[in-house]
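A short write-up of the structure that comes next.
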Amino acid sequence: MAELEHHKVRYDPAFTKVYNINQNRYRYFRWTPRTAKITFMFVAVVPSIFFAMGYATDGKYDFRAKRRGDDIREY
Numbered sequence: 095m096a097e098l099e100h101h102k103v104r105y106d107p108a109f110t111k112v113y114n115i116n117q118n119r120y121r122y123f124r125w126t127p128r129t130a131k132i133t134f135m136f137v138a139v140v141p142s143i144f145f146a147m148g149y150a151t152d153g154k155y156d157f158r159a160k161r162r163g164d165d166i167r168e169y
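Next comes the structure, spelled out in structure tokens:
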């Protein structure tokens, strides 16, 4: 069987550079005020918002055994 030569594509050097940077991102990471702020937002603030929303609506709605036109609010 004849061997097929795949991948006869010229890769864009800029695309290859970005790919390599993403593969080695942990080597280039530094804690800066910006990265600390973003990390704090995703580790503390966003989960706190979801917790507060869940705590505020806990037990307020009941979706079990409701018929069309019934109110889902419990109080």
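Going by the numbering used here, the first residue of the sequence shown is number 95, and it counts up by one from there. Just so it is clear, CB atoms sit at the ideal spot from N, CA and C, and this is done for glycine as well.
| query | result |
| --- | --- |
| In whole angstroms, give me the CA-to-CA distance for Trp125 and Lys131. | 10 Å |
| Can you tell me where the alpha helix (DSSP H) holding Gly148 begins and where it ends? | 140 to 150 |
| So, for Arg167: in the same chain, excluding its five sequence neighbours on each side, which residues have a beta-carbon less than 7 Å away from its beta-carbon? | Lys154, Tyr155 |
| With a cut-off of 8 Å on the beta carbons, I'd call Tyr122 and Ile115 a contact; round off their distance for me. | 7 Å |
| Looking at the structure shown, is Arg167 part of a helix, part of a strand, or coil, going by DSSP? | strand |
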